[in-house]
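Here the structure is laid out as structure tokens; the discussion comes afterwards.
Protein chains in written order, with the working numbering: chain A, 1 to 332; chain B, 1 to 209.
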């Protein structure tokens with residue numbers, strides 16, 4: 001009998017509930033994203049969103065999967081990294097369910113879960129992962145029993161940069177899709193600060209210059225085009241540095257910004273140059289959602305890990321490389 | 001003239017080539033068709049000229065680097081000395097602890113010599129250090145180097161060393177980082193504090209809090 005896990009994700013603006021079996025079947029993956037009418041995400045508003053909508057999203061996931069609470073064998077939750085209030089709300093729901101149903105609880109690292117659900121979908125075993133979202137911009141690969149961050153942003157995450165720029169240009173949140181659409185109409189490239197430092201990168205200089213282009217009256221499509229080409233070019237370079245450095249032959253693109261087709265096209269080119277296989281995680285599994293938490297919960301549980309409720313405090317700054325990856329063994 | 005590929009780097013193809021009865025390295029920054037042409041050309045051009053310039057400046061600062069023989073700014077390639085030796089990265093597991101710490105200290109000293117001269121390396125990993133048979137360190141790959149370095153830029157350089165050690169030499173990272181920093185402080189003295197505290201600050205940025 002396969003194990004059925006309910007995974008709860010709630011590290012930032014999205015709350016998700018996913019139901020996955022130990023055979024890797026995603027039975028349900030329901031989520032809702034808080035879209036602030038103006039400004040950015042306020043942690044307390046987001047946590048209220050999660051506590052208001054969480055129970056109905058969980059109920060919907062059970063309906064979609066066609067299972068009852070009594071069919072669930074395991075509860076997994078996103079323990080970090082993320083916004084404290086959001087993490088606590090989500091963890092409270094997970095603990096309550098585990099206690100009430102009398103089933104084990106597993107704590108999942110959000111970033112690691114993004115990688116492993118990508119591996120499940122792609123069949124990859126040991127990729128260099130480009131994880132790009134509103135809160136994260138990281139190049140991660142497995143080495144010495146851990147997922148290690150080979151490169152990341154030194155200031156703002158790419159998704160955040162696109163959203164804030166979009167807001168500046170008068171676009172609603174999330175701005176990524178509109179920026180992509182506008183960029184297709186762009187014709188003139190404006191040079192913007194290109195900042196790669198080793199395998200790290202920085203977007204703040206480019207962001208400031210892009211805002212200046214707007215105040216100088218440069219058409220929005222040209223700004224979007226220039227921003228995409230520059231920011232994605234930088235990402236491609238650090239991904240390339242990681243591939244050349246680790247000599248791995250799989251490249252995985254995940255996170256909310258993985259939806260961008262131009263980024264996908266550029267990274268496809270990178271993988272061809274390095275003779276690596278490439279996979280972009282499909283949108284329903286690339287953003288923040290519960291299926292990835294459920295799947296990682298299963299991986300951890302089957303290798304003998306669960307957590308006591310009394311030890312399950314959230315970890316807002318939980319680094320990717322702080323978690324022992326017990327289900328993968330020690331080999332690189 | 002015969003060419004063999006030594007490595008496919010992130011931004012270049014590295015050949016070992018024989019000319020005038022001697023071995024050289026030919027570093028060619030080949031075009032990347034998946035990038036916007038303007039960006040691709042700009043990167044190939046600036047990285048090639050930066051690398052040439054800094055290889056020479058670094059040597060003037062007392063750091064061993066390959067000498068440049070010629071530069072071709074039409075196809076963005078550099079002909080330089082072939083350094084007979086082994087990448088530091090590959091030596092780490094083979095050395096005894098004393099030798100390892102000695103090399104880390106010298107690595108820290110070399111980075112400090114650059115920083116004192118206002119230069120940052122830009123990609124100071126153990127892949128970009130070659131150890132020759134005399135146990136001398138050579139720094140290579142200066143494509144990301146910068147001049148007129150600020151405290152911030154030096155802090156980033158040191159942060160990148162830590163990053164490289166934690167991803168590539170995880171079981172020895174603390175030992176190696178401490179020895180590297182020791183060498184760095186030995187050379188720079190009290191002023192090293194600014195860059196070192198910036199290094200710690202940089203690590204905390206960009207994370208989702």
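Glycine residues also receive a C-beta, built at the ideal position from the N, C-alpha and C atoms.
Judged by DSSP secondary structure, residue 273 of chain A falls within the alpha helix (DSSP H) whose first and last residues are 261-273. Beyond the five residues adjoining it in sequence on each side, residue 120 of chain B comes within less than 8 angstroms, by CB distance, of 114, 145, 146, 149, 153, 154, 156, 157 in the same chain, given in chain order. Around residue 125 of chain B, the beta-carbon contacts reaching into chain A at under 8 angstroms are 198, 245. For residue 155 of chain B, not one C-beta of chain A is nearer than 8 angstroms to its own C-beta. In this structure, DSSP gives residue 300 of chain A a helical state, which the three-state scheme calls helix. Just so you know, the alpha carbons of residue 14 of chain B and residue 128 of chain A end up roughly 23 angstroms apart.
Interface annotation for the region 60-78 of chain B against chain A: empty, criterion Cβ-Cβ distance under 7 angstroms. Each residue's CA atom was taken as its position, placing residue 78 of chain B and residue 38 of chain B some 21 angstroms apart.
Within the same chain, Cβ atoms closer than 6 angstroms to the Cβ of residue 84 of chain A are found at 316, the five residues on either side in sequence being excluded. Residue range 3-8 is occupied by the beta strand (DSSP E) that includes residue 3 of chain B. If the five residues before and after residue 166 of chain A are omitted, its C-beta is found closer than 7 angstroms to the C-beta atoms of 175, 178, 179, all from its own chain and listed in chain order. Fewer than three beta-carbon pairs drawn from the region 244-255 of chain A and the region 178-193 of chain A are found closer than 8 angstroms, and the two stretches are therefore not classed as touching. Under a 10 Å Cβ-count criterion, residue 151 of chain B is classified as exposed, with fewer than 16 other Cβ atoms of the shown protein chains found around its own Cβ. In the three-state DSSP reduction, residue 7 of chain A falls in the strand class (E or B). By the rule that beta-carbons nearer than 8 angstroms mark a contact, residue 154 of chain A touches chain B. When B:174, B:36, B:190, B:166 are compared, the shortest CA-CA separation from residue 262 of chain A is found for B:36.
With its beta carbon at least 8 angstroms from every one in chain A, residue 27 of chain B lies outside the interface. Around the beta carbon of residue 296 of chain A, 16 or more other beta carbons sit within 10 angstroms, so the residue counts as buried. Here residue 126 of chain B is not near residue 67 of chain B, since their CB atoms are 8 angstroms or more apart. The count of Cβ pairs closer than 8 angstroms, one atom from the region 20-30 of chain A and one from the region 283-294 of chain A, reaches three, so the stretches are in contact. A residue is called buried once 16 or more other Cβ atoms fall within 10 Å of its Cβ, and residue 162 of chain B is buried on that count.
Separation of residue 280 of chain A and residue 52 of chain B (C-alpha to C-alpha, rounded to the nearest whole angstrom) is 38 angstroms. Listed in chain order, the alpha helix (DSSP H) elements of length 4 or more contained wholly in the region 117-194 of chain A are 158-168, 176-185. Residue 313 of chain A counts as exposed, since fewer than 16 other C-beta atoms from the protein chains shown sit within 10 angstroms of its C-beta.
Ranking A:284, A:152, A:229 by CA distance to the CA of residue 266 of chain A puts A:229 first. Within the same chain, and ignoring the five residues on either side of residue 208 of chain A in sequence, no residue has its Cβ closer than 6 angstroms to its Cβ.
Inter-segment contact for the region 89-98 of chain A and the region 112-122 of chain A is absent: fewer than three beta-carbon pairs are separated by less than 8 angstroms.
Counted as a single uninterrupted DSSP element, the beta strand (DSSP E) harbouring residue 13 of chain B occupies residues 13-19. In the three-state reduction of the DSSP assignment, residue 175 of chain B falls in the helix class. Closest by C-alpha distance to residue 122 of chain B, out of B:88, B:159, B:94, is B:159. Nearest neighbour of residue 260 of chain A by Cα position, chosen from A:275, A:68, A:224, A:199, turns out to be A:224. Taken in chain order, the members of the region 130-144 of chain B whose beta-carbon sits within less than 7 angstroms of a beta-carbon on chain A are 144. Put simply, of A:108, A:275, A:191, A:159 the residue whose alpha carbon is nearest the alpha carbon of residue 132 of chain A is A:159. Listed along the chain, the chain B residues whose CB falls inside 7 angstroms of the CB of residue 230 of chain A are 39.
According to the DSSP assignment, residue 147 of chain B belongs to no alpha helix (DSSP H), since it is labelled neither H nor E.
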